[in-house]
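Trainee: First, the structure itself, so that you have it in front of you.
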Amino acid sequence: RSGEMAKLTQLIDNEVFWAYATYTTIVLLKMMLMSPITAYFRITRKAFANPEDTASLGKGESAKKFLRTDPDVERVRRGHLNDLENIVPFLGIGLLYALCGPELSTALLHFRIFTGARILHTFAYLIPLPQPSRGLSWAVGYAVTISMAYQVLKMALYL
Amino acid sequence: RSGEMAKLTQLIDNEVFWAYATYTTIVLLKMMLMSPITAYFRITRKAFANPEDTASLGKGESAKKFLRTDPDVERVRRGHLNDLENIVPFLGIGLLYALCGPELSTALLHFRIFTGARILHTFAYLIPLPQPSRGLSWAVGYAVTISMAYQVLKMALYL
Amino acid sequence: RSGEMAKLTQLIDNEVFWAYATYTTIVLLKMMLMSPITAYFRITRKAFANPEDTASLGKGESAKKFLRTDPDVERVRRGHLNDLENIVPFLGIGLLYALCGPELSTALLHFRIFTGARILHTFAYLIPLPQPSRGLSWAVGYAVTISMAYQVLKMALYL
Chain A
6 RSGEMAKLTQ LIDNEVFWAY ATYTTIVLLK MMLMSPITAY FRITRKAFAN PEDTASLGKG
66 ESAKKFLRTD PDVERVRRGH LNDLENIVPF LGIGLLYALC GPELSTALLH FRIFTGARIL
126 HTFAYLIPLP QPSRGLSWAV GYAVTISMAY QVLKMALYL
Chain B
6 RSGEMAKLTQ LIDNEVFWAY ATYTTIVLLK MMLMSPITAY FRITRKAFAN PEDTASLGKG
66 ESAKKFLRTD PDVERVRRGH LNDLENIVPF LGIGLLYALC GPELSTALLH FRIFTGARIL
126 HTFAYLIPLP QPSRGLSWAV GYAVTISMAY QVLKMALYL
Chain C
6 RSGEMAKLTQ LIDNEVFWAY ATYTTIVLLK MMLMSPITAY FRITRKAFAN PEDTASLGKG
66 ESAKKFLRTD PDVERVRRGH LNDLENIVPF LGIGLLYALC GPELSTALLH FRIFTGARIL
126 HTFAYLIPLP QPSRGLSWAV GYAVTISMAY QVLKMALYL
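Line by line, the protein sequences are chains A, B and C. No gaps in the numbering here: position 124 of the first sequence is 129 in this note's numbering, and each next residue is one more. No gaps in the numbering here: position 31 of the second sequence is 36 in this note's numbering, and each next residue is one more. No gaps in the numbering here: position 50 of the third sequence is 55 in this note's numbering, and each next residue is one more.
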């Protein structure tokens, strides 16, 4: 029983879990930043998706011309979607990895590289930096997630 | 050891966690509702994205005209994507917040306001209500998530 | 106190949780596969979304013609978005369901059917198979998630 308790303690009440909590919160906040950035470009470029959003810009036909796509708005939206596609796997696989009881230093390395790669990816997408900046920063985050998934499957595999 | 156990008990086996479970399930079910609503508009507006989906509506050229976008379908899809963009951060940050051991009443306030705001957001998007209904309901859910993220970082910060 | 501990043990240190970990990791890896598949079609079809991605294909106007949408690329992207829309609810509701202490055999049935349905859905979308293959595989995964949500709400309901 005390063995099981030690196991539980190891699983949750440990530094790896709180490291996961810190980096996951940071990377989710970064993803959330894409929403106000989209709004900023929609307003400055006057490019909206919904008729009700253009009501304050004029009536009837004069407002209709603001229902359009804009390259800058679409760029932020692609960055946001890419965040969702990559941060959702990190959220799930990272939690399971943290509960597998990895070494703190190894776990921190994974979380820090992933977070850094996703921040770089956003700069590479929005500035934009020439390729392969965006491709590489995407690939680094992807590889970190695969590495954590491998650890989880090695420990948890239960088919 | 009994101190650690109390800590574990505080972390998981408590009402805040089950409050999180309840509201997260509700808000995820709400998000899932967007799929049948999209299907409903695709079928009634006869606006499909895939050739194989129009096979029952006719052959060759006569089916091709149903491969088109429709404003009502696109509206539901934008609402669905906005749900993903906002409910994914709530899912992750909310879980970490619940494990930080907040006061039950404070936690319930966060979860209830977020869930209410996202339900209002869906009505504001689909009816649609005049702005700033949709903008405000989005902002309220966003602010609740930021507030929980602040609590998590204050407690967990481990860089 | 030992009752609480047994409860905690039941909650986390059990086979259901590791079954969840295994299938969630598999289904998230499957979703991640959509990114390289998108890249493969973008490169072979020469259809890109960002000007900086076409720089290696030529200069000025000759590169601009590769900034276009392609039906095969859009098909993979729709499959990827459908994964996000369905795997995010599974991630959240599945975790809460696993912590509700269901029977191992019942839980495995849920996780296996969901994972199988999402793999079938990807094949049905990408080959593509005639309908209702894709519709049915979507519906099976959806129903499994609803069934788990019902179990969570029955056990956790805390409004």
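We put the beta carbon where it would ideally sit given N, CA and C, even for glycine.
1) Taking only three categories from DSSP, how would you classify L113 of chain C?
2) Grouping DSSP H, G and I as helix and E and B as strand, with all else coil, what is L134 of chain B?
3) Is the CB of W23 of chain A under 8 Å away from at least one CB in chain B?
4) Helix or strand or just coil, what does DSSP make of F71 of chain A?
5) Around the C-beta of S142 of chain C, are 16 or more other C-beta atoms found within 10 angstroms, so that it is buried, or is it exposed?
6) Roughly how many angstroms lie between the CA atoms of I118 of chain B and T111 of chain B, to the nearest whole one?
7) What are the boundary residues of the alpha helix (DSSP H) that Y45 of chain B is part of?
8) Residues of chain A with CB under 9 Å from L114 of chain C, in chain order?
9) In terms of alpha-carbon separation, which member of B:E79, B:A52, B:R83 lies closest to A68 of chain B?
10) Could you tell me which chain B residues have their CB closer than 7 Å to the CB of G146 of chain C, listed as they occur along the chain?
11) Whole angstroms are fine: how far does the CA of I42 of chain C sit from the CA of D77 of chain C?
12) Given that a residue counts as buried once 16 or more other Cβ atoms are within 10 Å of its Cβ, and exposed if not, what is T74 of chain B?
13) So which residues on chain A does P135 of chain B lean against when the C-beta distance must stay under 7 Å?
14) Using a threshold of 8 Å, state whether the C-beta atoms of W23 of chain A and A161 of chain B are closer than that.
15) Using 10 angstroms around the beta-carbon of Q15 of chain B, count the other beta-carbons present and answer buried if the total reaches 16, otherwise exposed.
16) Could you give the distance in angstroms between the alpha-carbon of S40 of chain C and the alpha-carbon of A129 of chain C?
17) Would you call I1 of chain C buried or exposed, if buried means 16 or more other Cβ atoms sit within 10 Å of its Cβ?
18) Rounding to the nearest angstrom, what Cα-Cα distance links N19 of chain C and E66 of chain B in this structure?
19) On the premise that P94 of chain B lies in contact with L33 of chain A, defined as a C-beta separation below 8 Å, what is that separation, rounded to the nearest angstrom?
20) Please report the distance separating the alpha-carbon of K35 of chain C from that of M153 of chain B.
21) Who pairs with F53 of chain A in a beta bridge, going by DSSP?
22) Taking only beta-carbon atoms, is R123 of chain A less than 8 Å away from chain C?
23) Could you check the C-alpha separation between A144 of chain B and Y25 of chain B for me, to the nearest Å?
24) Determine, using beta carbons only, whether S67 of chain B comes closer than 8 Å to chain C.
25) Quick check on A148 of chain B: buried or exposed, where buried means 16 or more other Cβ atoms within 10 Å of its Cβ?
26) Taking 7 Å as the cut-off, is the C-beta of G121 of chain C nearer than that to any heavy atom in the ligand ATP?
27) Is A54 of chain C closer than 8 Å to R83 of chain A when the C-beta atoms are compared?
28) Consult DSSP for L96 of chain B and reduce its assignment to one of helix, strand or coil.
29) At a CB-CB cut-off below 7 Å, which residues of chain B make contact with P94 of chain C?
30) Tell me which same chain residues have a C-beta within less than 7 Å of the C-beta of T120 of chain B, skipping the five on either side of it?
31) Is S40 of chain C close to chain A, meaning its C-beta is less than 8 Å from at least one C-beta of that chain?
32) Output, in chain order, the set of chain A residues within a Cβ distance shorter than 7 Å of E20 of chain C.
33) On a CA-only basis, which of A:Q156, A:R123, A:L109, A:I124 is nearest V21 of chain A? Give me that one, please.
34) Go ahead and pull the three-state DSSP assignment for G121 of chain A.
Mentor: Walking through what the data contain:
1) Reading the third sequence from its first residue, position 108 is the one you call residue 113 of chain C. In this structure, L113 of chain C counts as helix in the three-state DSSP scheme.
2) As a position in the second sequence, residue 134 of chain B is number 129, starting the count at 1. DSSP places L134 of chain B in coil when its eight states are reduced to three.
3) Locating residue 23 of chain A in the first sequence gives position 18, counting from the first residue. Under the Cβ criterion of 8 Å, W23 of chain A is counted among the residues facing chain B.
4) The residue labelled residue 71 of chain A in the question sits at position 66 within the first sequence. Here F71 of chain A sits in coil by DSSP.
5) Locating residue 142 of chain C in the third sequence gives position 137, counting from the first residue. Buried.
6) Within the second sequence, the letter at position 113 stands for residue 118 of chain B. Within the second sequence, the letter at position 106 stands for residue 111 of chain B. Straight-line spacing of the CA atoms in I118 of chain B and T111 of chain B works out to 11 Å.
7) On the second sequence, residue 45 of chain B is found 40 positions in, with the first residue counted as 1. Taken as a continuous stretch (DSSP letters only), the alpha helix (DSSP H) holding Y45 of chain B covers 20-49.
8) Within the third sequence, the letter at position 109 stands for residue 114 of chain C. Simply none; closest approach about 13 Å.
9) Counted from its first residue, the second sequence places residue 68 of chain B at position 63. The option with the nearest alpha carbon to A68 of chain B is B:A52.
10) Counting from one through the third sequence, the residue named residue 146 of chain C turns up at place 141. Simply none; closest approach about 11 Å.
11) As a working note, residue 77 of chain C is residue 72 in the third sequence. As a working note, residue 42 of chain C is residue 37 in the third sequence. Between D77 of chain C and I42 of chain C, the C-alpha separation is close to 10 Å.
12) Residue numbering aside, residue 74 of chain B sits at position 69 when the second sequence is read from its first letter. The residue is exposed, with fewer than 16 neighbouring Cβ atoms inside 10 Å.
13) Here residue 135 of chain B refers to the residue found at position 130 when the second sequence is read from its first residue. The contacting residues are E57, A60.
14) Mapped onto the first sequence, residue 23 of chain A falls at position 18. Mapped onto the second sequence, residue 161 of chain B falls at position 156. A contact, by the Cβ cut-off of 8 Å.
15) Position 10 of the second sequence, counted from the start, is the residue given in the question as residue 15 of chain B. For Q15 of chain B, the pLDDT reaches just 44, beneath the cut-off of 50, and the residue's location in the model is therefore unreliable, although a value from the coordinates is still provided. Exposed, by the Cβ-count rule.
16) Position 35 of the third sequence, counted from the first residue, corresponds to residue 40 of chain C. Position 124 of the third sequence, counted from the first residue, corresponds to residue 129 of chain C. Each residue's alpha carbon lies about 17 Å from the other.
17) Residue 1 of chain C falls outside the range modelled here, since chain C spans only 6 to 164, and no answer is possible.
18) Taking the third sequence and counting its residues from 1, the one referred to as residue 19 of chain C is at position 14. Taking the second sequence and counting its residues from 1, the one referred to as residue 66 of chain B is at position 61. The alpha-carbon atoms of N19 of chain C and E66 of chain B are separated by roughly 57 Å.
19) The count along the first sequence starts at 1 and reaches residue 33 of chain A at position 28. The count along the second sequence starts at 1 and reaches residue 94 of chain B at position 89. Confirmed, about 5 Å.
20) On the third sequence, residue 35 of chain C is found 30 positions in, with the first residue counted as 1. On the second sequence, residue 153 of chain B is found 148 positions in, with the first residue counted as 1. For K35 of chain C and M153 of chain B, the distance between alpha carbons rounds to 31 Å.
21) By one-based count along the first sequence, residue 53 of chain A stands at place 48. Per DSSP, A:L72.
22) To locate residue 123 of chain A, count along the first sequence from 1; it is residue 118. Chain C contact via Cβ: absent.
23) Numbered from its first residue, the second sequence carries residue 144 of chain B at position 139. Numbered from its first residue, the second sequence carries residue 25 of chain B at position 20. The alpha-carbon atoms of A144 of chain B and Y25 of chain B are separated by roughly 20 Å.
24) Position 62 of the second sequence holds residue 67 of chain B. Answer no: the Cβ-Cβ gap between S67 of chain B and chain C never drops below 8 Å.
25) Residue mapping note: residue 148 of chain B aligns to position 143 of the second sequence, counting from 1. When all chains shown are included, A148 of chain B counts as exposed.
26) No copy of the ligand ATP occurs in the structure displayed, which carries no ligand at all.
27) Your numbering for residue 83 of chain A matches position 78 in the first sequence. Your numbering for residue 54 of chain C matches position 49 in the third sequence. Yes; because the gap between Cβ atoms is below 8 Å, this pair is in contact.
28) Here residue 96 of chain B is taken as the residue at index 91 of the second sequence, counted from 1. Helix, per DSSP.
29) If you number the third sequence from 1, residue 94 of chain C lands on position 89. Within chain B, the residues near P94 of chain C are L33, M36, M37.
30) The sequence position of residue 120 of chain B within the second sequence is 115, counting from 1. Around T120 of chain B: Y28, I31, V32.
31) Locating residue 40 of chain C in the third sequence gives position 35, where the first residue counts as 1. It does: the Cβ of S40 of chain C has a partner Cβ on chain A nearer than 8 Å.
32) Locating residue 20 of chain C in the third sequence gives position 15, where the first residue counts as 1. By Cβ distance, chain A contributes Y163.
33) As a working mapping, residue 21 of chain A is identified with position 16 in the first sequence. With distances taken between Cα atoms, V21 of chain A lies closest to A:L109.
34) Counting from 1 along the first sequence, the entry for residue 121 of chain A is found at position 116. It is helical.
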